[in-house]
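Asks: Could you have a look at this structure, given as structure tokens, before my questions?
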Amino acid sequence: MSLNGGQRGSSKKRKQASVPSNQTTLNFSASAGRLKHPDKDLETRRSYDPSVKKQKHSDNSYPLSHDTERKDKAKDDSDMFNFPPPDHPKHPDNLRASKGKGVDYGSNSFQPSMDTLLANDRRTSIGGIQIGTPANDGIMGTSNAMRRPSSNENDIRRVSLSGGGKGTISAVGKQAPKTLVIKNFKVKPKLPENYFDTTWAKLKNAVKAIQDSRPVGESLEFLYKSCENLCAHKMGSKLYTLLHVEFESHIQAIADGLRKATANAAAHVQRNDATEEAYLVAVNACWTAHCSQTMWIRSIFLVLDRTYVLQSGERSLWDMGLQLFRQTVLEANDIQYKTLNGISELISKERKGEAIQRPLLKSVLRMFVDLQLYSSTFEPRFMDETRAFYMLEGEQLIETMDTREYLHHVDTRLREENERCDYYLDRRSKARLTKTLEDELIARHITTVLEKGKCQIDEINAKADLALLYTLASRVASLDLLRKSFGAYIKKSGTSIVADPSRDPTMVDDLLAFKAKMDEILIESFQHNGDFAQSLKESFESFINTRQNKPAEMIAKYLDSKLKSSNKDVADDSFDRVLDQVLILFRYIQGMASVLPLVVILTAHSGKDMFEAFYKKDLAKRLLMGRSSSFDAEKSVLAKLKTECGPGFTSKLEGMFKDIDVSRDIMTSFKASKGHEEIQDLELYVNVLTQGYWPTYPPTEVALPVKMARYQETFKNFYLGKHNGRRLMWQNSLGHCQVRARFPKGQKELSVSLFQAVVLLLFNDESKERISYKEIKEQSNIEEKELKRILQSLACGKARVLTKHPKGRDVEDTDEFSFNAEFENKLTRIKINTILLKETQEEQINTTEKVFQDRQYQVDAAIVRIMKTRKTLSHTMLLTELFDQLRFTVKASDLKKRIESLIDREYMERDEDDPSLYKYLA
């Protein structure tokens, strides 16, 4: 080789020397100021030129100066070339090349032996002189004495260092070279003849020792360098083939050992679960040892793995080991079958509640994943066995467990399988495994679960259990079945409340409690699902209208009980909550007043008109008898009813409140009139009512005391004097009085009805100690049934201001009554309730009949409205449209009667040719 540096001449522009393709360029090492070969550990000094400024190399390091290097290496100069200082005439930079001529600067030279050349493969040569990188290699030295060159510096000079081979080191010019070029050997050094066999024998022994779990005789560094040497001399292919044979032989021995262990176990021990588990332990031990051994072997042959394998495209040593283990061991039918049986047995035992070695299963299944056999061999069999296991379990448990127990069992199984996937199964199996459980334990039996749940709903009414049922049903897209079952349960339970007459007194309370319970289930268990909320609404509408009119009547009475003065909770916030809940029930009653342009149509309702009738009757009593606990509460109910049903529904109720306000103004004006001043010892308050707003009351006769009759006449003259053309009708049954009674034990103030007051005033005649029933009837002129109720309340009730002779609960025509001088009560004001103030059966019947009569008018209006639109319509079509518009239950025979009534009143007529065809008459 030759080192060429510098340029010819003294021109400032330098021409860089070209580097042949078969030459290697040396780079500076920043850490030691030396040149390093890319592939070898060759180092040499860099020539130095002080005229050239320091410049950074590509690795951001600065070259070291020649003087610095000389000081650092003065003690040990055996491994480097020794050049004169840069200003010395013998320095290579000051020499000129001369063809055919040379100057010998030293007579002494060092010729290394061939043994030294072959002592280590990591060597290189400059000018035929071998330089070894290890510390113990032979190092070339330079001549100790050099002759001074001639004074003619323009001559081309050559420095020749003779050694084992031919070569020159030449430098041209005085400038420092920028590039050092090394030329390859013309004849490469040879390895010893038996070098591969000897090295492979050592490597083979090391591989055997690792596979047999024995100590390795050679050091790992030596083995690593041996492999590196073989690869450097292009022996990687042969080395890879021999290593493949060793792997194959060892893995075959593993397979034979597993078969032998199986045969021995079968010969001595009958097949059982313990044998299967022991076999898995053996397989796992072989797999674990194989992985560990392969890693150690690969660390020795790492150079082979990173050079020959990458260049040739062969399998890496790790992949080669996995492939051979897969083909030889796990793809062998007998070993694979035995291994899969062991895995299945352990999983089955765990599902039955037995304890197993989970880490063992995890390791074995990771082996299947690493060998890419999990999806093709284990998973299909595992899924089939799982499906069969849970199919059988589901069929058995659905018959023996109740709904709640079965739901919790399914939830437990799902959690167990998820945990199993997280611990030792591959995560790719989670979706398929969960789907298998859902199909076999939920989807297959969801109908049975819901059917059993209908009769066991009280057992699973815990919100957590129903939430679990909702969650499981949503997994298999069966929420629609659950929603229908939920609706069916609501209808069944609600009908049992509404249809039972014995539960009428508590109907509304029971319905409110049931509604609150269903709302909690909807929100907390069914996640406030919109479809379930709609099903709840439809179910309540269905069962609450099964018993016509009664729910509406009971809702009206419930509100009456809450609004009476006897209710102390009306001022609390709880009343508003109760009112909102009651109005929700009211909303479920069929029908709703609808407002159309220019015409307000109040559709005939199945219950809302009945609610209006009973609520109006109870409201009239509260207003006229002063029994309302709060006018604010009354108007709050009215406002909410108006929001629910529209202004047409509450127009009459609002008129009732208006009459009360107008009557207050009338009485203020009456008390300021002259007629009122003439009346003494008597106070009278009159409510003037508009007949169309208030309920219809039957007229009742009563003989009023003289002063009271005179007071009535005075007020009548005053009112008619201000309002000409009006007529007053006195409703005596609605009157009430405050009577002061003087008893021997104290004076009391009695709150009684007008009829009770008339009877009590008869006993002011002190000339008669007793008054017979017949005398009372003649003097009061009260109807017989009503009079008996009044006497019963005065003589047989809690406050017995009269004494009945003889004593008893029923009033007979022969009974006599006297003033009870022994009456005493700790209260000063005493309210005497009468049967008259309570709703009688006759009143209820009359109210119901009045509603039916109003419905007839609504049927008539519907018929006229339809005929006016269609002009001509057949009987069948007319009935069909009437059934669509009328929201209450009506018989076809009743509709036919209303049609005949309209024909008689000439609203419509029959066709002369076709009697089943009706024509509208304008």
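Quick note, this note's numbering runs 346 ahead of the 1-based positions in the sequence shown. Using N, Cα and C, we set each Cβ at its ideal position, and we do this for glycine too.
For GLU1162, which residues does DSSP report across the bridge?
Replies: Its beta-bridge partners are SER1118 and HIS1151.
Asks: With DSSP collapsed to three states, give me the class of LYS1087.
Replies: Residue identity differs from the one stated: residue 1087 is Ala in this sequence, not Lys. Note: ALA1087 maps to strand in three-state DSSP.
Asks: By alpha-carbon positions, which one of VAL1085, GLU1246, LEU1267 and LEU818 ends up nearest to LYS1214?
Replies: Closest by alpha carbon: LEU1267.
Asks: Whose CA, out of THR621, LEU566, CYS632 and LYS571, lies closest to the CA of GLN598?
Replies: Nearest C-alpha to GLN598: CYS632.
Asks: Please report the distance separating the alpha-carbon of ASP768 from that of GLN873.
Replies: Going by the C-alpha atoms only, they are around 28 Å apart.
Asks: Spatial neighbours of GLY1081 within its chain, please: CB distance less than 6 Å, with the 5 preceding and 5 following residues excluded, ordered by chain position.
Replies: Answer for GLY1081: LEU1100, listed in chain order.
Asks: Are ARG1269 and SER1164 touching if we call contact CB-CB under 7 Å?
Replies: In the structure as shown, the chain begins at 347 and stops at 1268. Residue 1269 is therefore absent and cannot be evaluated.
Asks: Roughly how many angstroms lie between the CA atoms of LEU332 and LEU676, to the nearest whole one?
Replies: Because the chain here runs from 347 to 1268, residue 332 falls outside it and cannot be looked at.
Asks: Between which two residues does the alpha helix (DSSP H) holding LYS981 run?
Replies: Here the alpha helix (DSSP H) through LYS981 covers 977 to 991.
Asks: Relative to the C-alpha of LEU305, which candidate in VAL553, ILE689 and LEU812 has its C-alpha closest?
Replies: Only positions 347 to 1268 of the chain appear in the structure, and residue 305 is not among them; the question remains open.
Asks: On the DSSP letters alone, give me the boundaries of the beta strand (DSSP E) that GLU1255 sits inside.
Replies: 1254 to 1256 is the extent of the beta strand (DSSP E) around GLU1255.
Asks: Residues in the same chain with beta-carbon distance under 7 Å from ALA902, minus the five sequence neighbours each way, listed in chain order, please.
Replies: Once the five neighbours on either side are set aside, the close Cβ partners of ALA902 are PHE957, PHE960, TYR961 and ASP964.
Asks: Looking at the structure shown, is VAL562 part of a helix, part of a strand, or coil, going by DSSP?
Replies: The answer is coil: DSSP assigns VAL562 none of H, G, I, E or B.
Asks: Could you tell me the boundaries of the beta strand (DSSP E) in which THR1218 lies?
Replies: Looking at the DSSP string, the run of the beta strand (DSSP E) that includes THR1218 is 1218 to 1220.
Asks: Mapping DSSP to helix, strand and coil, what is GLN657?
Replies: Note: GLN657 maps to helix in three-state DSSP.
Asks: Identify which residue in VAL553, ALA601, GLU567 and ILE600 has its Cα closest to the Cα of TYR586.
Replies: It is VAL553 whose Cα lies nearest to the Cα of TYR586.
Asks: When the distance is taken between beta carbons, is GLU786 closer than 7 Å to MET853?
Replies: No, they are not a contact pair.
Asks: Answer yes if the stretch 1059 to 1078 comes into contact with the stretch 1133 to 1145, meaning at least three C-beta pairs across the two stretches below 8 Å, and no otherwise.
Replies: No contact exists between the stretch 1133 to 1145 and the stretch 1059 to 1078.
Asks: Specify, as a first and last residue, the run of the beta strand (DSSP E) that ARG821 falls within.
Replies: Here ARG821 belongs to no beta strand (DSSP E); instead the alpha helix (DSSP H) covers 809 to 821.
Asks: Starting from ILE1176, follow the beta strand (DSSP E) in both directions and report where the run begins and ends.
Replies: Element bounds for ILE1176: 1175 to 1177.
Asks: Can you check DSSP and say which residues form a bridge with LYS896?
Replies: Paired residues: none, contrary to the question.
Asks: Please classify GLN894 as buried or exposed, where buried requires at least 16 other C-beta atoms within 10 Å of its C-beta.
Replies: GLN894 is exposed by the Cβ-count criterion.
Asks: Does the separation of the CB atoms of SER775 and LYS837 fall below 7 Å?
Replies: Result no, Cβ atoms of SER775 and LYS837 do not sit closer than 7 Å.
Asks: May I ask you to report which of helix, strand or coil DSSP gives GLU1112?
Replies: Here GLU1112 sits in coil by DSSP.
Asks: Counting C-beta neighbours from all protein chains within 10 Å, is the total for PHE932 16 or more, i.e. buried, or is it exposed?
Replies: PHE932 should be labelled buried.
Asks: Please go through the stretch 555 to 609 and give each complete beta strand (DSSP E) segment of 3 or more residues, from N-terminal end onward.
Replies: Qualifying beta strand (DSSP E) stretches: none in this window.
Asks: Whole angstroms are fine: how far does the CA of ALA859 sit from the CA of GLU725?
Replies: Using only the alpha carbons, I get a separation of about 53 Å.
Asks: Nearest-angstrom Cα distance between LYS548 and GLU564?
Replies: Their backbone Cα atoms lie some 8 Å apart in a straight line.
Asks: In the DSSP assignment, the alpha helix (DSSP H) including TYR1039 goes from what residue to what residue?
Replies: Careful: TYR1039 lies outside any alpha helix (DSSP H) and carries neither H nor E.
Asks: Using the Cβ count rule (16 or more neighbours within 10 Å means buried), how would you classify GLU897?
Replies: Inspection of the sequence shows that residue 897 is occupied by Pro rather than by Glu. So PRO897 counts as buried.
Asks: Hey, could you find the ends of the beta strand (DSSP E) VAL1098 is sitting in?
Replies: 1092 to 1099 is the extent of the beta strand (DSSP E) around VAL1098.
Asks: By the 10 Å Cβ neighbour count, where 16 or more other Cβ atoms means buried, how is HIS596 classified, buried or exposed?
Replies: Burial call: buried.
Asks: When you compare the stretch 1006 to 1026 with the stretch 1100 to 1113, are there three or more beta-carbon pairs, one atom per stretch, that lie closer than 8 Å?
Replies: Counting Cβ pairs under 8 Å, fewer than three are found: no touch.
Asks: If you count every other CB in all the chains shown that lies within 10 Å of the CB of VAL591, and 16 or more means buried, which is it?
Replies: By the 10 Å Cβ count, VAL591 comes out exposed.
Asks: Ordered along the chain, which non-local residues of its own chain (more than five positions away) have a Cβ less than 6 Å from that of SER885?
Replies: Taken in chain order, the residues that qualify are GLY833, ILE836 and LYS837.
Asks: In terms of alpha-carbon separation, which member of LEU686, THR1218, TRP1040 and ARG923 lies closest to GLU1258?
Replies: Out of LEU686, THR1218, TRP1040 and ARG923, THR1218 has the C-alpha closest to the C-alpha of GLU1258.
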